[in-house]
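Visitor: One structure is given below, represented as structure tokens, and several questions about it will come after.
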Amino acid sequence: MNQQDHFYQRVYQVVAAIPRGCVTTYGEVAMLAGSPRAARQVGGVLKRLPEGSKLPWHRVVNRSGKISLTGPDLHRQRRALLAEGVDVSEDGRISLSRYRWHI
DNA sequence: AGCGTGACTCCTC
DNA sequence: AGAGGAGCCACGC
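Structural data, given as structure tokens:
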């Protein structure tokens, strides 16, 4: 993979590299993907993942340490995180200082 | 070629 | 802390 790849391909790589039990932010993914101000678009990429994707999309939260999804989707992401040991409050809050992934 | 759209972020109160 | 507003930018149409 090189720097000419489409944005979404780079997002795939970055998200795939997030270790189990850790989280990171949309902005961080955007930065590591080489487009530091495209955080919104990261959300767009994850939203359109194919159904059977193995990408750990649930390890991406927003800058304030909260799950950005709502309703049943929020619940789905929360369960996925709880399953790998990340403590998520019922409204989707996560302690970034505790779980944040940095290289 | 625009233009509307967000699973966002930053800045200011 | 947290709400409100403006900026951003890859995508789809």
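Numbering (the working numbering), first residue to last: 2 to 104.
Glycine included, every Cβ here is placed at the ideal spot set by N, Cα and C.
Hey, quick one: how far does the alpha helix (DSSP H) through residue 48 stretch, first residue to last?
Guide: The count along the first sequence starts at 1 and reaches residue 48 at position 47. Its alpha helix (DSSP H) spans residues 40-48.
Visitor: From 33, 13, 101, 48, pick the residue whose C-alpha is nearest to that of residue 64; which is it?
Guide: For the purposes of this step, residue 64 is taken as the residue at position 63 of the first sequence. Comparing Cα-Cα distances from residue 64 to each of 33, 13, 101, 48, the minimum goes to 101.
Visitor: For residue 94, which residues does DSSP report across the bridge?
Guide: As a first step, residue 94 is located in the first sequence; it is residue number 93 there, counting from the start. DSSP output for residue 94 lists 67 as bridge partner(s).
Visitor: Excluding the five sequence neighbours on either side, which residues of its own chain have a C-beta within less than 8 angstroms of the C-beta of residue 50, listed in chain order?
Guide: For the purposes of this step, residue 50 is taken as the residue at position 49 of the first sequence. Excluding positions up to five away in sequence, the list reads 56, 58.
Visitor: What separation, rounded to the nearest whole angstrom, lies between the Cα atoms of residue 86 and residue 80?
Guide: Indexing the first sequence from 1 puts residue 86 at position 85. Indexing the first sequence from 1 puts residue 80 at position 79. Between residue 86 and residue 80, the C-alpha separation is close to 10 angstroms.
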